[in-house]
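For reference, the structure discussed in these notes is given below.
Numbering (my numbering), first residue to last: 5 to 259.
This is the structure we're talking about:
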């Protein structure tokens with residue numbers, strides 16, 4: 005490859021990354037708008053009803069999404085300044101903030117998650133290009149480049165919108181987004197030693213399909229097939245295996 009060809013390739017790769025990031029940020033914006041619409045449709049009674057997460061009300065979930073947005077802003081601040089800025093001061097502080105937020109009324113919860121999401125959108129918008137490639141820690145010892153943060157936020161917003169159990173389900177996630185979420189779920193879940201070996205085939209509404217393999221390689225596999233929503237809900241422990249075909253094994257807890 006000549007120097008000129010290398011420069012053209014590098015320029016093209018930068019352009020492709022920028023386009024992918026723009027698409028992802030648009031997806032985060034749309035998911036956030038859907039989340040806020042869902043929360044706005046609640047009231048003081050329904051917001052304190054149970055969510056799909058054991059031990060958490062909808063208010064806990066909404067409060068968590070607000071604090072997660074602020075945590076993402078912390079990471080983007082780290083990427084922008086080069087000064088370490090943890091996502092959360094500690095797990096205990098994170099949990100305490102969520103518990104405190106869960107006691108708020110509907111209007112305060114809505115205002116909180118809307119304001120936090122707005123701060124995050126502004127942090128995304130103003131992050132300088134080189135900072136997107138800065139390594140930050142989402143957890144002690146777990147580093148990622150900052151350009152992964154929008155994808156992490158999209159996962160949080162879409163999955164927890166389902167957890168609110170208020171008219172939005174896994175089947176309502178747009179086709180491209182749910183493939184991203186499946187990829188991310190497999191990346192986080194698939195390498196764990198407690199996950200049994202399995203082949204997961206997902207059939208999308210456009211007629212295409214994808215196969216993911218989880219668990220220990222070169223071991224006898226469970227073969228599982230299903231729709232994107234059923235597969236993602238099963239991987240995350242939100243739904244059972246009733247909507248899946250094949251021989252789905254029992255999975256360990258997601259977290």
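Note that the Cβ used here is the ideal one computed from N, Cα and C, for glycine as well. As the structure is a computational prediction, the values presented were derived from the model and not from experiment.
Check                                                                                                                                    : Outcome
Quick one, which of 232, 191, 60 and 151 has its alpha-carbon nearest residue 211's?                                                     : 232
Are the Cβ atoms of residue 137 and residue 154 separated by less than 9 Å?                                                              : no
Which residue comes first and which comes last in the alpha helix (DSSP H) that contains residue 163?                                    : 153 to 167
Let me make sure I understand the geometry here. Which of 114, 221, 86 and 81 has the alpha-carbon closest to that of residue 70?        : 114
When the Cα of residue 159 is compared with those of 238, 32 and 26, which residue comes out closest?                                    : 32
Please report how far the alpha carbon of residue 243 lies from the alpha carbon of residue 167, in whole angstroms.                     : 11 Å
Distance check for residue 27 and residue 87, CA to CA, integer angstroms please.                                                        : 28 Å
Is residue 139 helix, strand or coil when you go by DSSP?                                                                                : strand
Of all the options 255, 174 and 156, which has the alpha carbon lying nearest to the alpha carbon of residue 218?                        : 255
How is residue 11 classed by DSSP in three states: helix, strand or coil?                                                                : With a pLDDT of only 44 at residue 11, under 50, the local geometry of the prediction cannot be trusted, and the value read off the model is given with reservation. Of the three classes helix, strand and coil, the one that applies to residue 11 here is helix, per DSSP.
When the Cβ atoms of the segment 41 to 52 are set against those of the segment 96 to 103, are three or more pairs found closer than 8 Å? : no
Just to confirm, are residue 190 and residue 205 a CB contact at a threshold of 9 Å?                                                     : no
Are there 16 or more other CB atoms within 10 angstroms of the CB of residue 22, so buried, or fewer, so exposed?                        : exposed
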